[in-house]
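In this text, residue positions in the sequence shown follow numbering that gives the first Met the number 0: the first is 0, and each later residue adds one. Glycine is no exception: its CB is placed at the ideal position from the N, C-alpha and C atoms. Remember, it's a predicted structure, so these values are computed and weren't measured experimentally. Notes to accompany the following structure.
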Amino acid sequence: MNKIVKKSQLSETVFRMAIAAPEIAVKRKAGQFAVIMTEEKGERIPLTIVDSDKNEGTVTIIFQVVGKTTMCLAAMEEGADLFAVLGPLGEPTEMEQFGTTVVVGGGVGIGVAYPIIKALKDAGNKVIAIIGARTKGILILEEDIKRICDRLIVTTDDGSYGVHGFVTDVLKDLIGSGEPIARVFAIGPVPMMKFLCEVTRPHNIKTIVSLNPIMVDATGMCGACRVSVGGETKFACVDGPEFDGHDVDFDLLISRLRMYCNEEEEARKGCRCHE
Ligand SMILES: Cc1cc2nc3c(=O)[nH]c(=O)nc-3n(C[C@H](O)[C@H](O)[C@H](O)COP(=O)(O)OP(=O)(O)OC[C@H]3O[C@@H](n4cnc5c(N)ncnc54)[C@H](O)[C@@H]3O)c2cc1C
Ligand code: FES
Numbered sequence: 000m001n002k003i004v005k006k007s008q009l010s011e012t013v014f015r016m017a018i019a020a021p022e023i024a025v026k027r028k029a030g031q032f033a034v035i036m037t038e039e040k041g042e043r044i045p046l047t048i049v050d051s052d053k054n055e056g057t058v059t060i061i062f063q064v065v066g067k068t069t070m071c072l073a074a075m076e077e078g079a080d081l082f083a084v085l086g087p088l089g090e091p092t093e094m095e096q097f098g099t100t101v102v103v104g105g106g107v108g109i110g111v112a113y114p115i116i117k118a119l120k121d122a123g124n125k126v127i128a129i130i131g132a133r134t135k136g137i138l139i140l141e142e143d144i145k146r147i148c149d150r151l152i153v154t155t156d157d158g159s160y161g162v163h164g165f166v167t168d169v170l171k172d173l174i175g176s177g178e179p180i181a182r183v184f185a186i187g188p189v190p191m192m193k194f195l196c197e198v199t200r201p202h203n204i205k206t207i208v209s210l211n212p213i214m215v216d217a218t219g220m221c222g223a224c225r226v227s228v229g230g231e232t233k234f235a236c237v238d239g240p241e242f243d244g245h246d247v248d249f250d251l252l253i254s255r256l257r258m259y260c261n262e263e264e265e266a267r268k269g270c271r272c273h274e
């Protein structure tokens with residue numbers, strides 16, 4: 000059992016929780032995730048470990064309510080016990096002094112970008128963060144990210160805040176301005192990562208993406224999370240979740256993410272957690 004120590008709401012559908020998990024708090028590195036089970040017979044869902052506090056023995060997660068399990072999680076309050084938190088899982092982000100790096104976060108992917116930005120700064124890199132959301136009301140972590148990066152550019156699709164447009168447009172301008180970018184990290188909706196890779200490919204800028212395929216066991220046994228990278232099958236839970244974006248077959252990932260839409264909709268309709 001793992002207690003929810005702190006809970007806050009970042010937007011209409013996005014929540015932040017600090018959860019007691021002392022062993023994971025000590026071991027985890029940027030880029031890794033945990034598997035959360037709200038109840039014994041519940042689904043195992045992968046969520047990125049956004050931060051940790053070794054003294055308090057807590058890990059922080061940021062999640063968007065999209066279906067049954069995230070609905071149930073959002074309905075739990077401070078002091079409640081989660082059935083299990085397993086981790087840290089996945090390969091940590093490859094970290095070294097690259098030079099100037101750009102980290103792009105879209106939607107709830109901004110939460111996943113946060114620990115990568117922090118680790119890149121700790122490793123001595125210049126970090127330019129580009130964060131984007133559809134509209135101002137759902138933009139998360141602006142102040143938190145401003146505190147840890149060298150430069151922050153905010154975009155909204157509808158122009159309600161920051162630069163009017165997509166994160167891809169801002170990255171294009173940044174590259175065009177002659178900024179010597181050593182590496183790009185992109186985390187967000189799959190189409191965003193796909194198009195971002197097409198922006199960096201002609202300039203030969205290595206672009207790391209964090210993939211979110213459906214996972215079941217998250218231990219490399221079931222094959223549910225398989226993705227195609229450079230023509231090879233990889234399991235995102237043990238080989239990833241980060242890969243070289245120029246080698247990823249994004250169209251296959253998109254079609255695999257849609258595989259269980261009907262079942263997920265049924266589960267969502269049957270969920271009574273919020274009542
Ligand atoms: C390594 C990894 C890290 C992730 N980190 C975060 C995070 O920090 N914050 C966050 O909000 N989300 C994160 N996700 C996605 C999160 O796991 C899913 O949103 C969650 O499992 C959905 O569960 P559900 O029962 O609420 O929704 P479901 O009813 O199962 O699904 C609703 C929608 O979410 C998609 N989905 C379902 N399961 C997954 C899954 N395992 N991975 C990706 N998409 C899924 C479905 O295609 C569907 O569109 C991460 C996924 C992976 C693989
Ligand atoms: S989730 Fe089963 S192999 Fe990755």
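Per DSSP, residue 131 is not a residue of any alpha helix (DSSP H); the beta strand (DSSP E) it occupies stretches across 125-132. Non-local beta-carbon contacts of residue 42 in its own chain, meaning distances under 6 Å to residues more than five positions away in sequence, involve 68 in chain order.
Note: residue 207 is bridge-paired with 184 and 243 in the DSSP secondary-structure output.
Close to ligand 2, as judged by a C-beta nearer than 6 Å to any of its heavy atoms, are the residues 214, 215, 216, 217, 219, 220, 221, 222, 223, 224, 234 and 236, in chain order. Assigned with DSSP and collapsed to three states, residue 51 falls in strand. Taking residue 251 as reference, the option from 245, 234, 243 and 226 with the minimal CA-CA separation is 226. Taking every protein chain shown into account, the CB of residue 65 has fewer than 16 other CB atoms within 10 angstroms, so this residue is exposed. Per DSSP, the unbroken alpha helix (DSSP H) holding residue 110 starts and ends at 108-121. Assignment of alpha helix (DSSP H) within the stretch 131-155, counting only whole runs of 4 or more residues, yields 141-147 in chain order. In the structure shown, the three-state DSSP call for residue 258 is coil.
Assigned with DSSP and collapsed to three states, residue 252 falls in helix. DSSP places residue 179 outside both helix and strand once states are collapsed to three, so it counts as coil.
As a beta-bridge residue in DSSP terms, residue 232 pairs with 227. Under the three-state reduction of DSSP output, residue 172 falls in the helix class. The continuous stretches of beta strand (DSSP E) do not include residue 23, which lies in the alpha helix (DSSP H) extending over residues 21-26.
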